[in-house]
Amino acid sequence: MVNTSDTSEQNSLEPRKTSAWRQIAALVRFLAFLALLIATTIAVVPFEKFPYAAYLGAMIGGFLVLAVLGTVVYFFFAERGPALIATTIDLESMAALVIGIITIIIFGVVTLMSAETPRVLLLGFMLLGIYLYYVYRIIKENIRIMRENEDIRRQYGELREMDQEKTNFITVTSHQLRTPLTETKWALESLLRQSGLSEPLRSSLQRVSQSTQKTMTIVEDILQARATGKTTPELRRADTDLTALLQEIAGELYTLAEQIEVSLVLTPPEKPCVLSLDRTQIKRAIANVIDNAIRYSPKGSVSVTLRQSGGSAVIQIKDTGIGITVGDYQRVFKKFFRGENALLVQPDGLGLGLYNAKRIIEEHGGTIDFTSVTGKGTTFTITLPVK
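Listed below in structure tokens is the structure:
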């Protein structure tokens with residue numbers, strides 16, 4: 001049996017060894033360049049003609065020149081990677097550096113041509129070759145980066161185009177589904193209002209109506225999720241009795257709870273609880289949370305309570321269902337996220353209900369949080385500011 005950990009460790013050490021050898025080679029080249037630069041300077045500059053004060057200035061200037069050259073050389077010999085690409089000399093700086101080097105070369109050539117010693121000429125031309133090599137590396141590196149950036153821009157443009165096509169498809173499909181679903185819902189409600197229906201037929205129609213309502217909710221969730229990141233439509237706030245709204249939601253979800261043998265209990269406050277809300281939006285948010293609690297508590301119970309605490313209305317939705325694992329806590333409200341437990345109970349969900357619920361509640365200035373014990377149940381707490 002192959003020890004994969006040892007193999008991966010050896011593979012990770014190989015790049016480190018290669019990197020170390022490259023750094024050593026770069027240091028040797030740099031020291032050779034400095035030695036050649038110093039030798040050329042000693043051979044060309046007539047130091048014996050300078051006064052003592054000039055020596056000090058020449059030494060300081062030499063140190064500054066070496067510091068600048070060392071910084072430039074670092075860019076050539078450092079490891080290549082995204083960090084280097086992000087900090088590499090831009091085109092304008094590269095042009096300025098090239099012009100400066102060309103100027104130095106011109107002055108150097110003039111000086112060397114006036115020299116009579118072949119040794120000085122040889123050292124000078126070697127120095128000239130090194131300068132030209134550096135210029136070549138600058139130009140080559142910038143051309144490579146420009147090509148990479150162009151490829152990145154092209155790929156980004158293609159991805160944006162594909163994303164827009166996907167968004168358009170989802171939007172058109174969702175809108176096309178909305179109308180026939182609404183008509184089907186109205187027809188079913190009309191049939192259910194008729195008298196004389198047999199109990200089996202009425203039960204079947206109620207199940208179809210419930211499935212249609214669930215499909216409509218999914219379509220609305222998709223449209224809401226698609227709109228995220230764009231301009232959020234203004235909330236149409238109006239005075240809303242939250243107690244009556246919860247009773248309405250419980251009534252609509254009672255059939256679903258009955259089908260999967262879940263006891264749904266609503267405990268309203270003694271007094272009306274009136275808030276300024278966008279009724280349609282907040283109803284969808286609360287219904288999504290209660291719907292989730294019912295679906296993930298088969299043969300269990302779901303209790304919904306409403307109370308006022310200070311300047312807030314607090315809704316608690318407590319179930320005895322599968323619970324949420326600790327590892328999923330940070331992702332519960334993420335778009336399209338579904339926990340492992342949820343996939344086992346409801347494999348056909350989208351993972352948009354809680355995401356949209358949180359967004360809508362926060363747009364109203366409220367909060368939503370939860371506590372959970374795996375295998376024992378979850379309690380969601382929704383807090384909304386009272387008018």
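Taking full-length UniProt numbering, the leading residue of the sequence shown gets 1, the next gets one more, and so forth. Beta carbons are placed, not taken as given, at the ideal position from N, Cα and C, and that holds for glycine. As the structure is a prediction and not an experimental result, all values here were calculated from the model.
query                                                                                                      : result
Short Cβ contact (8 Å threshold) for T215 with L181                                                        : yes
The region 301 to 319 / the region 272 to 280 touching (three or more Cβ pairs under 8 Å)                  : yes
R307 in three-state terms, based on DSSP                                                                   : strand
A293 beta carbon less than 8 Å from that of D319                                                           : yes
The region 327 to 339 contacting the region 250 to 258, beta-carbon criterion three pairs below 8 Å        : no
CA-to-CA distance, E183 to A285, given in whole angstroms                                                  : 23 Å
Local Cβ density within 10 Å of Q213, reported as buried at 16 or more and exposed below that              : buried
L192 and S211 closer than 8 Å at C-beta                                                                    : no
L255, enclosing alpha helix (DSSP H) - first and last residue                                              : Looking at the sequence shown, residue 255 is not Leu but Thr. Taken as a continuous stretch (DSSP letters only), the alpha helix (DSSP H) holding T255 covers 242 to 259.
Check whether L266 and Q247 have beta carbons under 8 Å apart                                              : yes
Contact check, V332 vs L354, beta carbons under 8 Å                                                        : yes
Rounded separation between T240 and Q281 - CA only                                                         : 12 Å
Limits of the beta strand (DSSP E) - the one that Q194 falls within                                        : Unbroken run through Q194: none, as it is neither H nor E.
Member of F337, A257, S203 whose CA lies at the smallest distance from the CA of K299                      : A257
Those residues which DSSP pairs with A238 across a bridge                                                  : L277
Buried/exposed call for Y296, threshold 16 Cβ in 10 Å                                                      : buried
Residue from S303, E161, P200 with nearest C-alpha to R289                                                 : Note on identity: in this sequence residue 289 is Val, with Arg being the wrong assignment. Answer by Cα proximity: S303.
K358, buried or exposed, once every other Cβ within 10 Å from all chains shown has been counted against 16 : buried
Endpoints, alpha helix (DSSP H) assigned at I360                                                           : 353 to 363
G157 in three-state terms, based on DSSP                                                                   : helix
Cβ-based neighbour list, F337, same chain, cut-off 6 Å, excluding 5 preceding and 5 following              : R331, G351
CB-CB length for L306 against T243, believed under 8 Å                                                     : 6 Å
One or two residues paired with D369 in a DSSP bridge                                                      : T381
Collapsed DSSP secondary structure at K318 in the structure displayed                                      : strand
As assigned by DSSP and simplified to three states, the class of V265                                      : strand
Burial state of A238, where buried means 16 or more other Cβ atoms lie within 10 Å                         : exposed
Exposed unless 16 or more other CB atoms sit within 10 angstroms - verdict on T167                         : exposed
Supposed close pair G375, I322 - CB separation, criterion 8 Å                                              : 7 Å
Alpha-carbon to alpha-carbon, E148 and F77                                                                 : At F77 the pLDDT is 48, less than 50, meaning the model places this residue with poor confidence; the figure from the coordinates comes in the next sentence. When rounded, the distance between both Cα atoms is 20 Å.
Same chain, Cβ closer than 6 Å to L223, five either side skipped, listed in chain order                    : S174
Cβ separation of D369 and T381, assumed to be a contact under 8 Å, to the nearest whole Å                  : 5 Å
Whole-angstrom distance between T171 and E199, CA atom to CA atom                                          : 39 Å
E158 to E150 span [Cα, whole Å]                                                                            : 12 Å
Beta-bridge partners of S312, as assigned by DSSP                                                          : S309, P385
Simplified DSSP state of S301, which is helix, strand or coil                                              : strand
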